[in-house]
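**Student:** Once you've had a glance at the structure underneath, I'll fire off some questions.
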Amino acid sequence: MLNLAKINKSYQVGRNSLQVLKNVDLQIEEGEFVSIMGSSGSGKSTLLNILGILDNFDSGSYTLDDTVIGQLNQRQAALYRNKFIGFVFQSFNLLSFKNALENVALPLYYQKMARKKRNRIAMDYLERVGLRDWAEHYPNELSGGQQQRVAIARALISQPRLVLADEPTGALDSQTSNQIMDVFADVNAGGMTVVIVTHEHDIAERTRRVVHLRDGQIDEAEPMTALN
Amino acid sequence: MFDVDKWQEILSVMRRNKLRTLLTALTVAWGIFLLVLLVGFGNGLQNGIIYTFRDDAINSLWIYRGKSSLPYKGMPVGRQIQFNNEDYDRIRETIDGVEHMTSRFYLYGEFTISYKNKHSSFDVRSCHPDHLHLENTLMVSGRYLNDIDIKAKRKVAVVGTKVVAMLFGDENPLGKYINVNGIMYKVVGVFRDEGGPGEERKIYIPISTAQQAYGGGTKVHQIMMTVGDADLATSQAIGEQIRLLLAEQHNFSPNDRRAVFVRNNLESFQRWNSIIDGVALFLQIIAMLTIFAGIISISNIMLITVKERTKEIGVRKAMGATPWSIVSMVLQESIVITALSGYIGMVAGVAAVELFKNLFPAGDYFRNPYVDLEIAVIATLLMVSAGALAGLFPAIRAASIKPIEALRTD
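From first to last, the protein sequence lines stand for chains A and B.
In this text, residue positions in the first sequence follow this note's numbering: the first is 176, and each later residue adds one.
In this text, residue positions in the second sequence follow this note's numbering: the first is 191, and each later residue adds one.
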């Protein structure tokens, strides 16, 4: 479903070029629940940017759901993000002046869906994360765990091919982290492909497959663990 | 453009930065307020000038006598120049471009005028029929002086409404005889004059009658004429031709500028007008600069707002917001703030002009300030384009924010 082949990416640091990703190959099948692990500087953020069509890469190829993601202009990239990918962020990134329902409905706003229709759909998704009664609340009236569940609902509402989470539990206590991982597990059980970038082993262990990244390369020495 | 969500967002952004929005709005409102106020006052000044010149024809030349100041052909300096009927006729015959023309023979001092047992003193002017056009005299009843009056030296008089009120009361004055220092004149017409009460206390009689009755011979004190719709240069040229003609007639040097004075009303009207135009332009430039300052401050504040919202914009882009949707969001916000505050400023400006008009009596140089629809439309367009201009750089900045900003942790 998702195929990265020989992806290279380097950044210009002063006069030197810093190669962050070196010939990265990665396949993820539909319905997989994958975590990408690595220490800081391992290139996992860069990999996440490329997977999320947030950044371009220098060479290699990226195919997502039979669509070749090449060099895109900003507008095309925005359209592909909207269509293919649901994002979940470490700091939730809900819009503070919109209530939970409106936050969930945001991706549909950018699909130019009518307000009533998208709010009705958003209500269904809030229900799936158990926050139907909190629809009218603003982010600052919600706990961290609740905010992240709103964010997950927002990531799911556009029915993406892939949910991409960046340290989704980084700002939460361990109990709440567990609950959030339960939500991700549920989502995955429903058939959605989920990729979580994390540096926490506890979190990685909850996924079905762990990809280790070290110095910009997939670490072959570490076996691809299959957990239950 | 008009969807509920954008409006909701704009309002919520404003609500989050109440004081900042208020201060920004104030600069623009103040600029537009000043613009409207100053345009209104400029119009008031213009009206004042038109009012000041309302009494007399603007496109006119008034020729006065002077004294020679240069020796010429053996004639001494300081000689009083005296016009006569021949000058009037020569100008009529030889100068092109003269439209209406009249001489005046001065009757010095106020005359005692009587009707039946009522007596009062009024100013009597003797002139030609064309005088009607030079003073903007408006006939109320009867007729003005005519050529037959002049030719036959008839003893007829045209009187102002104030004269009628004093001497005749409710009686119809037409056809009645009034006594002017012992000579009886038949009243043939009644006039009023935009120039006010002073002008309506006057009595006009034929110049030929006056010259004969009051020992004037063919003497003339003043010659006045209109020049149609000639432009300033043409009317100045006509004035100069007349001056040279009179120099020849009365033997003074063509270079002697004190022997005869030519007052060009068009020239003074245009001089006044250009002063007023200059003042109005100056005022408008000040207002424009104030608006410009407002635009810069809006632009500045929007830049800060965009910077503060970097992360939010990043998140929106990650959610699929296209650059254009971000640009239009910022532009719309800017336009809404500017247009709204500008509108408030405009309404306040119009109100201030109206208030001023009602509080202060109309004077000679300033009256009826007003703001017309055209200015209101221009101001509105100005506000919207100012808003767009103010939002331009912040919008470009916002559009250039990368979606990876969303991934940064605070």
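Heads up, the beta-carbon is just placed ideally off N, CA and C, and yes, glycines get one too.
1) I'd like to check one pair, A/V358 with A/I327: are the Cβ atoms closer than 8 angstroms?
2) Tell me the start and end of each unbroken alpha helix (DSSP H) in the segment 301-338 of chain B that is at least 4 residues and wholly inside, in chain order.
3) By the 10 Å Cβ neighbour count, where 16 or more other Cβ atoms means buried, how is B/G539 classified, buried or exposed?
4) Which residues of the segment 198-212 of chain B have a Cβ closer than 7 angstroms to any Cβ of chain A? Give them in chain order.
5) Please decide whether A/N268 counts as near chain B, where near means a Cβ-Cβ distance under 8 angstroms.
6) Would you report the Cα separation of B/Q426 and B/N454, rounded to the nearest angstrom?
7) Enumerate in chain order the residues of its own chain whose CB-to-CB distance from B/A596 is below 8 angstroms, with the five nearest sequence positions on each side excluded.
8) Between A/N315 and chain B, is any beta-carbon pair separated by less than 8 angstroms?
9) Using the DSSP secondary-structure output, state which residues sit across from B/G350 in a beta bridge.
10) Please state whether DSSP places B/A247 in a helix, a strand or coil.
11) Along the chain, where does the alpha helix (DSSP H) containing B/P584 start, and where does it finish?
12) A/D159 by DSSP, collapsed to three states: which one?
13) Whole angstroms are fine: how far does the CA of B/V354 sit from the CA of B/P138?
14) Output needed in chain order: residues of the segment 307-335 of chain A with a Cβ under 8 angstroms from some Cβ in chain B.
15) Considering only their Cβ atoms, is the gap separating B/S258 from B/V410 smaller than 8 angstroms?
16) Could you tell me whether any non-hydrogen atom of the ligand NAP is closer than 7 angstroms to the CB of B/A566?
17) Kindly confirm or deny that the segment 334-352 of chain B and the segment 368-379 of chain B touch, where touching means at least three C-beta pairs closer than 8 angstroms.
18) Around the C-beta of A/K273, are 16 or more other C-beta atoms found within 10 angstroms, so that it is buried, or is it exposed?
19) Given a cut-off of 8 angstroms, decide if A/R389 and A/S217 are closer than it, judged by their beta-carbon atoms.
20) Using a threshold of 8 angstroms, state whether the C-beta atoms of B/W220 and B/G535 are closer than that.
21) Per DSSP, A/M288 forms a beta bridge with which residues?
22) Using a C-beta to C-beta distance shorter than 7 angstroms, which residues of chain A count as neighbours of B/V520?
23) Shorter than 8 angstroms from the beta carbon of A/L226 to some beta carbon of chain B?
24) Please classify A/K219 as buried or exposed, where buried requires at least 16 other C-beta atoms within 10 Å of its C-beta.
25) Tell me the rounded alpha-carbon separation between B/R391 and B/T302.
26) Within 10 angstroms of the Cβ of A/W309, are there 16 or more other Cβ atoms? Answer buried if so, exposed if not.
27) Kindly give me the distance between the Cβ atoms of B/I285 and B/I413, rounded to whole angstroms, as I take these residues to be in contact under 8 angstroms.
28) DSSP three-state label for A/S234, please.
29) Go ahead and pull the three-state DSSP assignment for B/D279.
30) Would you decide whether B/G577 is buried or exposed? Buried here means 16 or more other CB atoms lie within 10 Å of its CB.
31) Could you confirm whether any beta carbon from chain A is found closer than 8 angstroms to the beta carbon of B/T480?
32) Which term fits A/Q265, buried or exposed, when burial requires 16 or more other beta carbons within 10 angstroms of its beta carbon?
33) Comparing the C-beta of A/K184 with each C-beta of chain B, is any distance below 8 angstroms?
34) Give the residues from the segment 514-541 of chain B that approach chain A closer than 8 angstroms (Cβ to any Cβ), ordered along the chain.
35) Hey, how far is the Cα of A/R336 from the Cα of B/W514?
36) What residues from chain A crowd round B/S507, counting only those whose CB sits closer than 7 angstroms?
**Tutor:** Let me lay it out:
1) Here residue 327 of chain A corresponds to residue number 152 of the first sequence, with the count starting at 1. Here residue 358 of chain A corresponds to residue number 183 of the first sequence, with the count starting at 1. Yes, these two residues count as a Cβ contact at 8 angstroms.
2) Unbroken alpha helix (DSSP H) stretches of 4 residues or longer found wholly inside the segment 301-338 of chain B: 321-324, given in chain order.
3) Within the second sequence, the letter at position 349 stands for residue 539 of chain B. With 16 or more Cβ atoms within 10 Å of its Cβ, B/G539 is classed as buried.
4) Those residues of the segment 198-212 of chain B placed with their C-beta closer than 7 angstroms to a C-beta in chain A are S202 and R206, ordered along the chain.
5) Looking up residue 268 of chain A in the first sequence gives position 93. Chain B, which has a Cβ nearer than 8 angstroms to the Cβ of A/N268, makes this yes.
6) For the purposes of this step, residue 426 of chain B is taken as the residue at position 236 of the second sequence. For the purposes of this step, residue 454 of chain B is taken as the residue at position 264 of the second sequence. Looking at the two C-alpha atoms, the distance is approximately 7 angstroms.
7) As a first step, residue 596 of chain B is located in the second sequence; it is residue number 406 there, counting from the start. Closer than 8 angstroms at the Cβ level, and outside the excluded window around B/A596, lie K501, G504, V505, K507 and A508.
8) One-based indexing of the first sequence puts residue 315 of chain A at position 140. For A/N315, the answer is no, since every Cβ of chain B falls outside 8 angstroms of its Cβ.
9) Position 160 of the second sequence, counted from the first residue, corresponds to residue 350 of chain B. Looking at the DSSP assignment, B/G350 forms a beta bridge with B/F381.
10) Numbered from its first residue, the second sequence carries residue 247 of chain B at position 57. Three-state DSSP puts B/A247 in coil, outside helix and strand.
11) Against the second sequence, residue 584 of chain B aligns to sequence position 394. DSSP places B/P584 inside the alpha helix (DSSP H), whose first and last residues are L563 to A589.
12) Summary: the structure shown does not reach residue 159 of chain A, with chain A confined to residues 176 through 403, and so no result is reported for it.
13) Outside the shown range of chain B, which is 191 to 600, sits residue 138 of chain B, and nothing can be said about it.
14) Result list: R329 and S333.
15) In the second sequence, residue 410 of chain B corresponds to position 220, counting from 1. In the second sequence, residue 258 of chain B corresponds to position 68, counting from 1. No. Outside cutoff.
16) Questions concerning the ligand NAP fall outside what the structure shown contains, since it holds no ligand whatsoever.
17) Yes: at least three Cβ pairs fall under 8 angstroms.
18) By 1-based counting over the first sequence, the position of residue 273 of chain A is 98. If you draw a 10 Å sphere on the C-beta of A/K273, you find 16 or more other C-beta atoms in it, and that means buried.
19) One-based indexing of the first sequence puts residue 217 of chain A at position 42. One-based indexing of the first sequence puts residue 389 of chain A at position 214. The Cβ-Cβ distance between A/S217 and A/R389 falls below 8 angstroms.
20) Reading the second sequence from its first residue, position 30 is the one you call residue 220 of chain B. Reading the second sequence from its first residue, position 345 is the one you call residue 535 of chain B. Yes.
21) One-based indexing of the first sequence puts residue 288 of chain A at position 113. Under DSSP, no beta-bridge partner is assigned to A/M288.
22) As a position in the second sequence, residue 520 of chain B is number 330, starting the count at 1. Those do not exist, as B/V520 stays about 15 angstroms from chain A at its closest Cβ, beyond 7 angstroms.
23) Position 51 of the first sequence, counted from the start, is the residue given in the question as residue 226 of chain A. It does not; no Cβ of chain B falls within 8 angstroms.
24) Taking the first residue of the first sequence as position 1, residue 219 of chain A is located at position 44. Result: buried.
25) Residue 391 of chain B sits at position 201 when you count from the first residue of the second sequence. Residue 302 of chain B sits at position 112 when you count from the first residue of the second sequence. B/T302 has its alpha-carbon roughly 12 angstroms from the corresponding atom of B/R391.
26) As a first step, residue 309 of chain A is located in the first sequence; it is residue number 134 there, counting from the start. The residue in question, A/W309, is buried, as its Cβ has 16 or more Cβ neighbours within 10 Å.
27) Residue 285 of chain B sits at position 95 when you count from the first residue of the second sequence. Residue 413 of chain B sits at position 223 when you count from the first residue of the second sequence. That pair is no contact at about 11 angstroms.
28) Locating residue 234 of chain A in the first sequence gives position 59, counting from the first residue. A/S234 falls in the strand class under three-state DSSP.
29) Translated into the one-based positions of the second sequence, residue 279 of chain B becomes position 89. Helix, per DSSP.
30) Residue mapping note: residue 577 of chain B aligns to position 387 of the second sequence, counting from 1. Residue environment analysis places B/G577 among the buried positions, since at least 16 neighbouring C-beta atoms fall within 10 angstroms of its C-beta.
31) Counting from one through the second sequence, the residue named residue 480 of chain B turns up at place 290. Judged by the 8 angstroms Cβ criterion, B/T480 is not in contact with chain A.
32) Here residue 265 of chain A is taken as the residue at index 90 of the first sequence, counted from 1. A/Q265 comes out buried.
33) Taking the first residue of the first sequence as 1, we reach residue 184 of chain A at position 9. At a cut-off of 8 angstroms between beta-carbon atoms, A/K184 makes no contact with chain B.
34) The segment 514-541 of chain B vs chain A, Cβ under 8 angstroms: W514 and S515.
35) Numbered from its first residue, the first sequence carries residue 336 of chain A at position 161. Numbered from its first residue, the second sequence carries residue 514 of chain B at position 324. C-alpha of A/R336 to C-alpha of B/W514: approximately 25 angstroms in a straight line.
36) Residue mapping note: residue 507 of chain B aligns to position 317 of the second sequence, counting from 1. It should be noted that the sequence gives Lys, not Ser, for residue 507 of chain B. Those are A253, listed as they occur along chain A.
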